[in-house]
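To keep things clear, I will list the structure first and then write my remarks on it.
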Amino acid sequence: MTQAILETRGIVKDYGEFRALDGIDFSLPPGELRAIIGPNGAGKTTFFNVITHKFKATGGKVFFGGKDITNLPSHKIVKLGITRAFQIISLFPKLTVFENLMCALLTIKERNLCMFSSAKGYADIREEAFRILETVELGTQANVLCGTLAHGDKKKLDLAIGLACAPKLLLLDEPTAGMSPEETESTTKLIRRICEQEHITILFTEHDMSVVFAIADNITVLHQGKVVAQGKPEDVREDRGVVEAYLGEEF
Amino acid sequence: MLDRSVLWRNRNRLIPIGAVVVLLFALPAFIPEYELYLVNTILIMAIFAYGWSLLFSYAGYLSFGQSAFYALGGYTVAIMYRDVTGSVWLAFLAVLGISAVGAAVIGALSVRRGRIYFAFLTLSFAMMIYAVVFRWRGFTGGDDGIPSVMRGALDFGLFQANLEPTANYYYFTLVIALIAIAAMWKMVNSPFGYTLKTMRDNMERASFIGVDVFKYALIAFVISGVYCGLAGALMVSLCGMAYPELSYWTVSGDPVVACLIGGAYTFAGPFVGSIIYVLVRSYLMALVGNWPLCLGIILIAVVLFFRTGIMGFVSERFKVTL
Amino acid sequence: MVDPGLILIDVLNGLSKGFFYFLIVSGLTLTLGIMGIINFAHGAFYMVGGYTAYTLARVLAGTGCEFWLAAVISAVIVSGAGFLVERFLLRRIYAAEHLYQLLLTFGLVFLLEGLVLQIWGGTPRSIFQPEFLMGSLIVAGRSWPKYSLFLLLFSAALAAGLWYLLYRTRLGRSTRASAMDKEMTRALGINVPQVFTIMFVIGTFLAALAGGTGTALRSLTLGMGAEIIILCFAIVVIGGMGSLVGALIGSLILGMFESFGWHYFPDLAMMLPYLLMTVVLIIRPRGLLGKE
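Chains as they are written, first to last, in the working numbering: chain A, 1 to 251; chain B, 252 to 573; chain C, 574 to 865.
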């Protein structure tokens, strides 16, 4: 039994009186493509925030590859190999598409302290950046200030920056939100490709069920801060608890 | 098709820059002493402005307290000359060292707390230093300050130069300023510079690509402190006097205004802004005699109507990056 | 031996200074609390209030009540100027980045200082000293200036008036609502920009009034505005940004520290407000009662 790449035990997150996460036990084997679904407010983004230490967990522990990362600062967690893309797009608006990737690559290669070399002068970083841009089909926009990109392209760039950090585990928060059907389809295929070819474990949240059923190996369902179901897509579909949680929603 | 033009480097830019440098070196030959003094002041203001600009335009941290390092540098050089040595080398080495240490201490205490609190903290530190310098008669001369600060003498063994003559001190400042500005150019285009830019654009995302934002903010703060300290030392040596008001918070406004006028988000902005600021100040003062009024009007006008500054305007108009 | 009489005098002085500072800071806190604007120029209004009262007192000399008339009329004039500033300058940058808001008010500091320089020149002036405020009282065997008592009572009375305005009037309720949630208040049909303009004018009025009444024993100088605004910032930091009660507590703390400080540690006293501000920002940035 290979060790889980990500494991949480009893994660609790309180915002004052409100308990957003209520004892989450979660385990993710390496190389898997897992979806986390649940109605709005179920705690999916909060879960991501706690794993990546954007917010501190009120209780419980997070383990990455067996190592306790519960209290590590975000930037150290990234260096260990977990990156995320955000639900609300989070980029570096005054930099170009290329520069966004370049910065991620410079950081992952520990070159941030170089003060007297030209940032754009590293051939290995240039090649890697262009390779990633090709993968997400943003190659033609390398020089564009990313603040001016179309929404779908911004989402792709967000994903690309995540890839640039050479992660072992990638957390994607609603990767196809706001995209047109064509973009959704290509992004969905891209996510599957990344998981298989780059051997990156991917954990993503989604509201679009067609995406989930198209590519997820397994699904975890959250409701009101608790895991209510987990398993293969076909099994989850039939689960009573899941149907109840989504009562009133299109399924 | 991949767009590989990211590597566009404008070799043509070197020609006008080279011309300006040559002009600057040739100036003492054909302009009178008072005007040379002014240009000297411009160069010093530029160093001060670049110091502030690194922190703000590239790292996104607004500081209203860089006057603290300006004063620290100025008093260091005055006290070094008064009590320790006549050597320019040692004095300026002390300036760099003390500015760096001061900035490291203040920075370590200030950068962790979020940007608005950071602005207030730098302000309060500057005023604390003002108050300490004001009352510490025995060491700093109190509210009288330290008069008759000399310009020192350079001693390279074979090459010696007394820096008292205006032209000599001007060359001294010019060389230092050119090195400082060139170093700044290198820094802002380096991986370090881009790291700062990520922090400026999106602090959260910066830490999510693995950047330890507090560490880099501190480093930027120290570099900024050194630049501002250097400017202060050069100024005090130039005008011959160190006084507590160097640390008063309104002095922190000088580099801010210069950068705003010149264009806060362009590289040439601080330099162009310093030129205009110093020239306008001296000529308007001679003409009208009421500098606060003029400064107030200019500042308000720029904030309301010319926010991107001169170089910002030129950038947009001619679609170049400066 | 500790002398209780001296300590009492120091406490009274502290209270006097404290309430006086509150008179000035209250306006700044209102501006910060509702609109989130840090108004560097607030100290300059205090200064202009003092200078204007100076001139008015000379103009009205001999009428018998020139002290009050000068102070109040000056405050009216300066708050009128405050209205113009808010309506035609500040309003234009509410939506802009913080830096530009700060820089605009920073520019105003210089503008107002320049105006004072133009009209009154650079030499310090001393303001009119009314008869009834001169002399001392005997408190616990020690003498205490009547003027300090006056400032204490006057400032405390105005503070009470401000409390009444904020907690017992409709305008006050609208103000507090705007400070809590601008959007919601606007949605309820309250004209938030107008509320803010009114509060800005009131705050400026109080600052100018403080300038006109509080400087009888001090000289008026060009640097007054820049000096007082930093003390105001220290108070706002200590008490908590945007909290009026915090501003009162902060003012009293600062007043006490100054009073005891200048008495027992004169060399450190100048540094004390800034040291306090620094310590608070490092240890507990949101101050005593701050929200963020």
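A virtual CB, placed ideally from N, CA and C, is assigned to each residue, including glycine.
Problem set entry | Inter-stretch contact (C-beta, 8 angstroms, three-pair minimum) for the segment 519-538 of chain B and the segment 437-454 of chain B | Touching, no, given that fewer than three Cβ pairs across the two stretches are closer than 8 angstroms.
Exercise. Distance, Cα to Cα, L149 (chain A) vs T517 (chain B)?
Worked result: Mapped onto the first sequence, residue 149 (chain A) falls at position 149. Mapped onto the second sequence, residue 517 (chain B) falls at position 266. Rounded to whole angstroms, the gap between the alpha carbons of L149 (chain A) and T517 (chain B) is 23 angstroms.
Problem set entry | Buried versus exposed, by CB contacts within 10 Å (16 or more), R126 (chain A) | Taking the first sequence and counting its residues from 1, one reaches residue 126 (chain A) at position 126. R126 (chain A) counts as buried, since at least 16 other C-beta atoms from the protein chains shown sit within 10 angstroms of its C-beta.
For this session: Report the residue ranges of all beta strand (DSSP E) runs contained in full by the segment 139-167 of chain A; include only those spanning at least 3 residues, in chain order.
Result: Within the segment 139-167 of chain A, there are no complete beta strand (DSSP E) runs of at least 3 residues.
For this session: Using 10 angstroms around the beta-carbon of M753 (chain C), count the other beta-carbons present and answer buried if the total reaches 16, otherwise exposed.
Result: As a position in the third sequence, residue 753 (chain C) is number 180, starting the count at 1. So M753 (chain C) ends up on the exposed side.
Problem set entry | Cβ-Cβ distance between I811 (chain C) and M850 (chain C) below 8 angstroms | Numbered from 1 along the third sequence, position 238 holds the residue referred to as residue 811 (chain C). Numbered from 1 along the third sequence, position 277 holds the residue referred to as residue 850 (chain C). Contact flag set, yes.
Exercise. Cα separation between L633 (chain C) and A643 (chain C)?
Worked result: Counting from 1 along the third sequence, the entry for residue 633 (chain C) is found at position 60. Counting from 1 along the third sequence, the entry for residue 643 (chain C) is found at position 70. Whole-angstrom Cα-Cα distance: 8 angstroms.
For this session: Indicate whether at least one CB of chain D lies closer than 8 angstroms to the CB of Y847 (chain C).
Result: Here the protein chains are A, B and C, and chain D is not one of them.
Exercise. If we ignore side chains and look at the alpha-carbon of each, how far apart do T70 (chain A) and F63 (chain A) end up?
Worked result: For the purposes of this step, residue 70 (chain A) is identified with residue 70 of the first sequence, where counting begins at 1. For the purposes of this step, residue 63 (chain A) is identified with residue 63 of the first sequence, where counting begins at 1. T70 (chain A) and F63 (chain A): Cα-Cα distance of roughly 7 angstroms.
Exercise. Between which two residues does the beta strand (DSSP E) carrying A20 (chain A) extend?
Worked result: Translated into positions along the first sequence, residue 20 (chain A) becomes position 20. Counting along the chain, the beta strand (DSSP E) containing A20 (chain A) begins and ends at F18 to L28.
For this session: Report the partner residues of A85 (chain A) according to the DSSP bridge assignment.
Result: Your numbering for residue 85 (chain A) matches position 85 in the first sequence. Answer is A:L172.
Problem set entry | Status (buried if at least 16 other CB within 10 Å, exposed otherwise) for D576 (chain C) | Translated into positions along the third sequence, residue 576 (chain C) becomes position 3. Result: exposed.
For this session: Take the Cβ of D124 (chain A) as the centre, count every other Cβ of all protein chains shown within 10 Å, and call the residue buried at 16 or more, exposed below.
Result: Here residue 124 (chain A) refers to the residue found at position 124 when the first sequence is read from its first residue. With fewer than 16 Cβ atoms within 10 Å of its Cβ, D124 (chain A) is classed as exposed.
Exercise. Considering only residues of the same chain and omitting the five flanking positions on each side of I51 (chain A), which have a CB-CB separation below 6 angstroms?
Worked result: On the first sequence, residue 51 (chain A) is found 51 positions in, with the first residue counted as 1. Here the set comprises V62.
For this session: Tell me whether Y15 (chain A) sits in a helix, a strand or coil according to DSSP, three-state version.
Result: Counting from 1 along the first sequence, the entry for residue 15 (chain A) is found at position 15. The answer is strand: DSSP assigns Y15 (chain A) an E or B state.
Exercise. Is R255 (chain B) helix, strand or coil when you go by DSSP?
Worked result: Taking the first residue of the second sequence as position 1, residue 255 (chain B) is located at position 4. Because the pLDDT of R255 (chain B) is 48, which lies under 50, any placement of that residue in the model is unreliable, and the question is left without a value.
Problem set entry | Residues from the segment 498-512 of chain B in contact with chain C, defined by Cβ distance under 9 angstroms | Against chain C - using a Cβ distance shorter than 9 angstroms - the residues of the segment 498-512 of chain B are Y499, W500, T501, G504, V507, V508 and L511.
Exercise. Going by beta carbon distance, what residues of the same chain come within less than 6 angstroms of A750 (chain C), once the five residues before and after it are set aside?
Worked result: For the purposes of this step, residue 750 (chain C) is identified with residue 177 of the third sequence, where counting begins at 1. So the list reads T758, once near-sequence residues are dropped.
For this session: Quick one: which residues of the segment 532-546 of chain B get their C-beta closer than 8 angstroms to a C-beta of chain C? List them in chain order.
Result: Cβ contacts with chain C come from N541, W542, P543, L544, C545 and L546.
Problem set entry | Whole-angstrom C-beta distance between G10 (chain A) and D25 (chain A), which should lie under 8 angstroms | By 1-based counting over the first sequence, the position of residue 25 (chain A) is 25. By 1-based counting over the first sequence, the position of residue 10 (chain A) is 10. G10 (chain A) and D25 (chain A) do touch by the CB rule: their CB atoms are close to 6 angstroms apart, below 8 angstroms.
Exercise. Less than 8 angstroms separating the beta-carbons of I380 (chain B) and A280 (chain B)?
Worked result: As a first step, residue 380 (chain B) is located in the second sequence; it is residue number 129 there, counting from the start. As a first step, residue 280 (chain B) is located in the second sequence; it is residue number 29 there, counting from the start. Their beta carbons are not under 8 angstroms apart, which means I380 (chain B) does not touch A280 (chain B) by this criterion.
Problem set entry | Contact list for the segment 435-460 of chain B against chain A, Cβ threshold 9 angstroms | Those would be K437, M438, N440, S441, P442, F443, G444, Y445, T446, K448, T449, R451, D452, N453, E455, R456, A457, S458, F459 and I460, in chain order.
Exercise. According to DSSP, what are the bridge partners of T205 (chain A)?
Worked result: One-based indexing of the first sequence puts residue 205 (chain A) at position 205. A:I36 and A:D173, per the DSSP bridge assignment.
For this session: My understanding is that G547 (chain B) touches G680 (chain C), with C-beta atoms under 8 angstroms, so please give their C-beta distance in whole angstroms.
Result: Position 296 of the second sequence holds residue 547 (chain B). Position 107 of the third sequence holds residue 680 (chain C). Right, their Cβ atoms sit about 5 angstroms apart.
Exercise. Between which two residues does the alpha helix (DSSP H) harbouring I711 (chain C) extend?
Worked result: Walking along the third sequence from the start, residue 711 (chain C) turns up at place 138. In the DSSP assignment, I711 (chain C) falls outside any alpha helix (DSSP H) and lies within the beta strand (DSSP E) extending over S709 to V712.
For this session: Give the DSSP-derived three-state secondary structure of W542 (chain B) in the structure shown.
Result: Numbered from its first residue, the second sequence carries residue 542 (chain B) at position 291. If DSSP states are grouped into helix, strand and coil, W542 (chain B) belongs with the helices.
Exercise. Going along the chain, which residues of its own chain have a beta-carbon closer than 6 angstroms to the beta-carbon of N413 (chain B), five neighbours each way excluded?
Worked result: Taking the first residue of the second sequence as 1, we reach residue 413 (chain B) at position 162. So the list reads A404, once near-sequence residues are dropped.
Problem set entry | Rounded separation between F830 (chain C) and I803 (chain C) - CA only | Taking the first residue of the third sequence as position 1, residue 830 (chain C) is located at position 257. Taking the first residue of the third sequence as position 1, residue 803 (chain C) is located at position 230. Using only the alpha carbons, I get a separation of about 16 angstroms.
Problem set entry | Residues within the segment 383-417 of chain B neighbouring chain C, beta-carbon criterion of under 7 angstroms | Listed by position along the chain: V383, F385 and R386.
Exercise. If we count the other Cβ atoms within 10 Å of its Cβ and call it buried at 16 or more, is E206 (chain A) buried or exposed?
Worked result: Counting from 1 along the first sequence, the entry for residue 206 (chain A) is found at position 206. Its Cβ being crowded by 16 or more others within 10 Å, E206 (chain A) is buried.
For this session: Specify the secondary structure class of G762 (chain C) as computed by DSSP and reduced to three states.
Result: To locate residue 762 (chain C), count along the third sequence from 1; it is residue 189. Of the three classes helix, strand and coil, the one that applies to G762 (chain C) here is coil, per DSSP.
For this session: Output yes or no for whether 8 angstroms exceeds the beta carbon distance between A799 (chain C) and I700 (chain C).
Result: For the purposes of this step, residue 799 (chain C) is taken as residue 226 along the third sequence, with counting starting at 1. For the purposes of this step, residue 700 (chain C) is taken as residue 127 along the third sequence, with counting starting at 1. The answer is no: Cβ separation not under 8 angstroms.
For this session: Kindly list the residues whose CB is nearer than 6 angstroms to the CB of G152 (chain A), restricted to its own chain and excluding five residues on each side of it in sequence; keep chain order.
Result: As a position in the first sequence, residue 152 (chain A) is number 152, starting the count at 1. In its chain, beyond the 5 residues on either side, M179 and E183 have a beta carbon closer than 6 angstroms to the beta carbon of G152 (chain A).
Problem set entry | Bridge partners - G231 (chain A), DSSP secondary structure assignment | Counting from one through the first sequence, the residue named residue 231 (chain A) turns up at place 231. Answer is A:I219.
Exercise. Within the 8 angstroms Cβ cut-off, does P858 (chain C) reach chain B?
Worked result: Translated into the one-based positions of the third sequence, residue 858 (chain C) becomes position 285. The Cβ of P858 (chain C) sits closer than 8 angstroms to at least one Cβ of chain B.
Exercise. So, do the segment 331-348 of chain B and the segment 366-379 of chain B have three or more beta carbon pairs nearer to each other than 8 angstroms?
Worked result: A contact is defined here as three or more CB-CB pairs under 8 angstroms, and the segment 331-348 of chain B fails this definition with respect to the segment 366-379 of chain B.
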